[in-house]
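One structure is given below, encoded as structure tokens.
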Amino acid sequence: MSEISTRDATRDSARDAARDNARESALSVAAISSERSESDDNVWTRRLVLFLRVMALLSILKGLYHWAQVTGFVGGEDEAFENQSMAWQAATVYFAVIELVAAVGLWLATPWGAVVWLTTVVSMAVIELMFPGIYGGSLVVVGVEVFMLAAYLALAWMAARERPP
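At position 148 of the sequence shown the residue is numbered 147 (numbering that gives the first Met the number 0), and the sequence of numbers has no breaks.
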């Protein structure tokens, strides 16, 4: 009886060793393949996240600039917040709040952050084009906003293409 139990124990230990070797090789293959897919397959996603982070920093700067206008840190007596038209004041407060909210969402690369940022881009372009009396109607600002929108859409499209359906 002891000879049979010794033989069973030897067979069990050999089976366990083979199973451990198979598990280790599977883990090492999985680590290699996930490392490769992360570096090669997600290039456009990483570029999109980098773009969103840059836009987040730009949104922070724009939001802080609008708050500086509201609080009076920029501009002289003639350009003071209370001396501006009601439309200018409303637009400035709107952008002071929404730019900073968009910056948080963009930095976190959340879908709502992109939506809020797209709202700010379209809002600024509409205000510049449709209401030139508020901020002056600069076509340069509209061009920059359209360029940023096109860059985002192109990067989002390329990032979506690299993920399987």
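Every residue gets a Cβ at the ideal spot worked out from N, C-alpha and C, and that includes glycine.
What residue range is occupied by the uninterrupted alpha helix (DSSP H) comprising residue i?
| i | result |
| --- | --- |
| P110 | P110 to M129 |
| A150 | L138 to R160 |
| V103 | M85 to W106 |
Measuring straight from C-alpha to C-alpha, what distance separates residue i and residue j?
| i | j | result |
| --- | --- | --- |
| A150 | A158 | 12 Å |
| K61 | R160 | 32 Å |
| G71 | A79 | 6 Å |
| T109 | V143 | 23 Å |
| M129 | T91 | 16 Å |
| V100 | A67 | 16 Å |
| L57 | W116 | 11 Å |
| F50 | L154 | 8 Å |
Look up residue i in the DSSP assignment and say whether it is helix, strand or coil.
| i | result |
| --- | --- |
| N41 | coil |
| G132 | helix |
| V73 | coil |
Measure from the alpha carbon of residue i to the alpha carbon of each residue in the options, then state which is nearest.
| i | options | result |
| --- | --- | --- |
| Y134 | L49, W87, F50 and A55 | W87 |
| Y64 | D77, D40, F50 and V96 | V96 |
| M85 | V120, R162 and G132 | G132 |
| P124 | L107, F146, W106 and W111 | In the sequence as displayed, the identity of residue 124 is Ala instead of Pro. Minimum Cα distance to A124 is reached at F146. |
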